[in-house]
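Numbering (UniProt numbering), first residue to last: 1 to 122.
Here's what the structure looks like:
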């Protein structure tokens with residue numbers, strides 16, 4: 001049974017990213033597709049990495065944090081990678097909680113100003 005291989009165009013469509021984004025991820029060595037002539041093909045490893053990259057971005061991690069985290073797996077294995085993931089997640093949870101607090105304060109301030117203005121209008 002042959003393994004899954006996606007073309008550049010198929011990879012962009014599957015993950016809903018622009019060609020520019022995909023090329024950039026290759027440029028900064030987050031992805032390393034197989035190359036046949038000018039064509040690029042993405043196998044199961046690259047599909048898994050792309051899933052992790054996009055998940056990391058959604059959680060607010062920098063591309064450099066993601067790149068370093070992926071390198072740990074290659075050099076030190078799964079357990080070391082999981083330990084680093086827990087440390088990164090703990091740090092990010094604190095950051096997200098702080099952002100949430102700031103956003104809630106901003107929403108409350110805007111609501112108060114809106115209510116005062118509406119009251120002035122009668």
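Where a beta carbon is used, it is the ideal one built from N, C-alpha and C, also for glycine.
Bear in mind the structure is a predicted one, so any value in this text is a computation, not a measurement.
So is residue i buried or exposed if we call it buried at 16+ other beta carbons inside 10 Å?
i, result
"residue 19", "exposed"
"residue 56", "buried"
"residue 30", "buried"
"residue 64", "exposed"
Suppose you measure from the CA of residue i to the CA of residue j; what does that come to, to the nearest Å?
i, j, result
"residue 81", "residue 72", "5 Å"
"residue 93", "residue 78", "22 Å"
"residue 4", "residue 39", "16 Å"
"residue 27", "residue 37", "18 Å"
"residue 75", "residue 97", "32 Å"
"residue 117", "residue 110", "11 Å"
"residue 67", "residue 25", "10 Å"
"residue 100", "residue 121", "31 Å"
"residue 17", "residue 119", "46 Å"
DSSP three-state label for residue i, please.
i, result
"residue 121", "helix"
"residue 103", "helix"
"residue 30", "coil"
Beta-carbon within less than 7 Å of residue i's beta-carbon, same chain only, minus the 5 sequence neighbours each way: which residues are those?
i, result
"residue 9", "none"
"residue 15", "50, 54"
"residue 43", "3, 4, 5, 34"
"residue 69", "81, 84, 85, 88"
In chain order, which continuous runs of the beta strand (DSSP E) of length 3 or greater are located wholly inside the region 34 to 101?
34 to 36, 39 to 42
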